Each structure stands twice: as C-alpha cells, then as structure tokens.
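When you line the sequence shown up against my numbering, it's residues 36 to 122, in that order.
Glycine included, every Cβ here is placed at the ideal spot set by N, Cα and C.
The structure displayed is predicted, hence computed values, not measured ones.
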Amino acid sequence: MGKCPHFEKCPFFNNKMSGMPVIAKQLQDKYCNEEYVKCARFMINKMFIEGYAPKDEQSASEFEKEFDKLFPNNIDKAEKIIVQLVK
Ligand code: SF4
C-alpha cells in the first residue's frame, strides 16, 4: 500500500508523542510504511477530512486529550471516538 500521506506532520511517525511505546518502530513499519488505512490516527484524520468534528468546546477538549494519546494500534479507542464524532 505504501507510506501514509500524513507521515510528515504526524507526531507518532516523528516520535513526538509522549509515552511512545517500546514497539513504536514496529508500529511505524506496520502502519505508517504499509497499512496506514488500518491506523487509528489515520481513521480519525479521515473523519476530519470528511468534515466531521466535535460538536462543542467540551467535546473538542475531550477529543484532543484522547487523540493526543492515540497510537496506530488503538483501534477500539478510535472506534469510540468515531461514534462520538458522527453522533
Ligand atoms: S501514525 Fe497513522 S496517521 Fe500517523 S503517519 Fe503513521 S499511519 Fe499515518
């Protein structure tokens, strides 16, 4: 599939997130360099590109906290965020 189109600005790919997991390199190889469509962060970015956004300030603040901690393999968390975005 190839490299994720968000890699240049992505804090996970650029090792800028706090608490980077010890398996970060493996996750970057698996998701960022290959199967980016399966990445939790990519899924959320896609929702934004499609026009979905938190409904109010409180939701936006909660969303930001969750997204800041989201790693590519956190699919369950991404699905919960997506449910909130499409409500
Ligand atoms: S973490 Fe996800 S969104 Fe970021 S570069 Fe990797 S695949 Fe893309």
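Check	Outcome
So which residues touch the region around ligand 1, with touch meaning a C-beta under 7 Å from any heavy atom?	C39, H41, F42, C45, F47, F48, Q63, Y66, C67, Y71, C74, R76, F77, N80 and P107
Assign P107 to buried or exposed, taking buried as 16 or more other Cβ atoms, counted over all protein chains shown, within 10 Å of its Cβ.	buried
Using C-beta distances below 6 Å, list every residue in its chain close to K38, excluding the 5 sequence neighbours before and after it, in chain order.	N68
Classify Q61 as buried or exposed, calling it buried when 16 or more other Cβ atoms lie within 10 Å of its own Cβ.	exposed
For K90 versus E101, is the C-beta distance shorter than 9 Å?	no
Is DSSP giving N96 helix, strand or coil here?	According to the sequence displayed, residue 96 carries Ser and not Asn. Residue state, collapsed to three classes: helix.
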